[in-house]
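Written below as C-alpha cells is the structure these notes are about.
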Amino acid sequence: MSRTLADGRVGYVQLRGFSDNASREFANALRDHVTAGRRLIVLDLRGNPGGYLVGASAVASQFIGSGPIYWEEAAGQAPIASAAAPDGVAIDPSIKLAVLVDKNTASASEVVAGALQDTHRGTLVGQQTYGKGTIQEFLALDADTGGFRLTIARWLTPNQRWINKTGLTPDVVVPAPAAGAPAGADPVLDRALEVLGVPAGAATSASTGRAA
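Put into C-alpha cells, the structure is as follows:
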C-alpha cells in the first residue's frame, strides 16, 4: 500500500511480503513519491514475514547505490556478497528514510532493514525484529508427499552481523500500542515522522495511492 502523509510531504509505502512482483510494485510506488518531489519516505515492514531474497535485494537497492546488501555464507565457505543494483530511484542521500519494524518483521524483510541500518541509509523505528538469519530452499518430492525446506546457508548484514534468533534492534525503540489503545493510534508511525522532522500527529492527513 502506498499513500501520502502530512499534507503530501511524506511518502508512505507498506510492504507485506516479498512475492514475485513485490519489488517491482514497490519501485513504482517509490518512484511516484520521488517524482512528486517528496524527500521524506516511510517504509513499513511491520508484519512482513519475508519471501524471495532477490526481491529484498531489489527493494534495498532502491536506497543503496553500491556495496553489499547482504552476505551469503554456506558451511565451510567464505561469505559471498549480494551487491546493490546501481539504479535505485532514491539513492540520493537528501531523501530521508524511516523504516518501521516489529517482532513479525522477519527473514527477507530483515535483510532490507539490516542493510538500511548498517549503511546508515534509513532509521529503524519500532520493536526488535524476529531474527531469522538462514536461507532455505524448497525441495519438492512428489504430488502426494509435497516437499520440505532445507537450510542451505545463512545470511549476514552488510557489516556481517548474523541476527538469527536475536533480530535487529531498532535505532529508535517504540513499544507496540498497549491493549485498549485508541483505535487507529500508531505511536510507531508518529515517532517515525518525528524522526523525519514532521510534527507529531501529522500522520492523520493521508491519502490512498498505489498498492505495493
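Going by our numbering, the letters in the sequence shown line up with residues 17 to 228, in that order.
From the three backbone atoms N, C-alpha and C, an ideal C-beta is built for every residue, glycine too.
Just so we're clear, the structure is a prediction, and the values are computed from it rather than from any experiment.
Asked, Found
"Close-in-space but distant-in-sequence residues of the same chain around Asp60 (CB under 6 angstroms, 5 per side omitted)", "Gln30 and Leu116"
"Buried versus exposed, by CB contacts within 10 Å (16 or more), Leu157", "exposed"
"Distance between beta carbons of Leu21 and Leu209, contact taken as under 8 angstroms", "7 angstroms"
"Reduced DSSP category for Thr224 - H, G, I as helix; E, B as strand; rest coil", "For Thr224, the predicted structure reports a pLDDT of 44, less than 50, and the residue's modelled location is therefore unreliable. A value from the coordinates is still provided. Three-state DSSP puts Thr224 in a strand."
"Residues sharing a beta bridge with Tyr86, DSSP", "Ser98"
"Val105 in three-state terms, based on DSSP", "coil"
"Secondary structure of Arg137, DSSP reduced to three states", "coil"
"Supposed close pair Tyr68, Val127 - CB separation, criterion 8 angstroms", "The Cβ separation is near 10 angstroms, so there is no contact."
"For Phe164, the residue or residues it bridges with in DSSP", "Leu155"
"Contact set for Ala91: own chain, Cβ-Cβ below 8 angstroms, skip 5 residues either direction", "Ala169"
"Buried/exposed call for Ala228, threshold 16 Cβ in 10 Å", "Any reading at Ala228 is ruled out, since the residue's pLDDT is 34, under 50, leaving its predicted position unreliable."
"Burial state of Phe154, where buried means 16 or more other Cβ atoms lie within 10 Å", "exposed"
"Same chain only: Cβ atoms within 7 angstroms of Pro203, ignoring 5 sequence neighbours per side", "Val190 and Pro193"
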